[in-house]
Amino acid sequence: MSRHEIDSNPLCPACGRLLNAASAVDGSASMPGGDDVTICAYCARFLQYIDRDGVLTLRQISDEEFAELPEKARAGLTKARLIVYAVTAAMQTHPN
Ligand SMILES: [Zn+2]
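Residue numbers (my numbering): 1262 to 1357.
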C-alpha cells in the first residue's frame, strides 16, 4: 500500500479540501516531505509540500514551476491528474 496518513492535515490551497492522505506518484511507500510535489485528489491541481518546522502545508505550483520539475515527476503528476479526472468524471456520471 502506498497510502499514508499525514499528521499535519494540510488543506488544498485551491479547493480547501483536507488532504490527510497521500499516495506517492511513483508508487513507492515514501512519506511526503518538504518540496515533494503531489496532486489534489479533488480538484487535480498540482501542489508542493512545504515543511514549516515539521508541519506540512501545501501550495499550488505554477505552470512554469511544473515545467522545471524532473521529467519523472512531471510524468507521474500527469498520470495522476488523468486518474483524478477519470474518477471525478465517474462520480459525476454515477452519483453515490
Ligand atoms: Zn484541491
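Beta carbons: idealized from backbone N, C-alpha and C, even for Gly. Since the structure is predicted, the reported quantities are computational estimates derived from the model, not experimental observations.
Counting along the chain, ARG1306 sits inside no alpha helix (DSSP H), nor does DSSP assign it H or E at all. In this structure, the C-beta of ALA1275 approaches ligand 1 to less than 8 Å from one of its heavy atoms. Excluding five sequence positions before and after ARG1278, the CB atoms of its chain that fall closer than 6 Å to its own CB belong to TYR1303, given in chain order.
The alpha-carbon of LEU1330 is positioned some 15 Å away from that of ALA1341. Rounded to the nearest whole angstrom, the C-alpha separation of LEU1319 and ILE1311 is 6 Å.
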